[in-house]
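Sequential numbering of the sequence shown, starting at 1, is according to UniProt numbering. Even for Gly, the Cβ is constructed at its ideal location relative to N, Cα and C. Here the structure is a predicted model, which is why all the values come from computation and not from measurement. To start, the structure itself, in structure tokens.
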Amino acid sequence: MSGVGKTTALDELRRRGFTAVDTDDDDWIHVVAGEPLWREPLIDGLLARDRDAPLFVQGTVANQVDFYHRFDAIVLLSAPTAVIFDRLSERTNNPFGKTEAERRRIAADIAEIEPLLRQSATHVVDTDRPRGAVADLLAAIAAEVTRRRSAAVRDGEQAGDADGVHDEDGQRVDAHPGDAPVRAEQ
């Protein structure tokens, strides 16, 4: 959803030294029969690169599900509709979401698409909090995934879902343990 805080979260993660890719930018997406899709060879190449630190990838397209098995975590960024509309009114880096028709589309996406994304998410992060707190949660998810992966390699096992990440109030942020570098979607 536009206005949920994806760009802000990625910018903060980059500021902290993480690699974060916004697949809404550049040439990551092409349109096929009116549907925006990831360019599979580019995404495949991105995910196949050797790395020694977490990779955060943002994007929401119809064929993202084809890559879920390549991600250690799939994070849904979510915020109340009123918060999203307030952000859209104030932002200056993107004109989308300013018209009533665009806001109706966003509200429909929240009602219809967000529940589907929530089902496939391994974690849900409420972005109705300071940008630093959102980045802290995303970094904590990545750290937990890295810790589990290291332990699994050490123990000769396969890492399971991340279940130890909590927000600043001690609440679990992994609403949907799942099987699927870290991905912020929405």
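- DSSP, reduced to helix, strand and coil, places S78 within a strand of the structure shown.
- When rounded, the separation of the alpha-carbon atoms in N94 and R14 is 20 Å.
- When beta bridges are read from the DSSP output, L46 appears opposite no residue.
- Beta bridge pairing from DSSP links E35 with V32.
- D86 carries a helical assignment under DSSP once its states are collapsed to helix, strand and coil.
- Between G5 and T127 the beta-carbon gap is near 4 Å, inside 8 Å, which marks them as a contact.
- In the displayed model, T146 falls within a helix according to three-state DSSP.
- Excluding five sequence positions before and after R131, the CB atoms of its chain that fall closer than 6 Å to its own CB belong to T8, E12, given in chain order.
- For A20, the uninterrupted beta strand (DSSP E) run begins and ends at 19-22, by DSSP.
- Residue state for A73 is assigned as strand, using DSSP reduced to three classes.
- Under DSSP, the beta-bridge partners assigned to D126 are S78.
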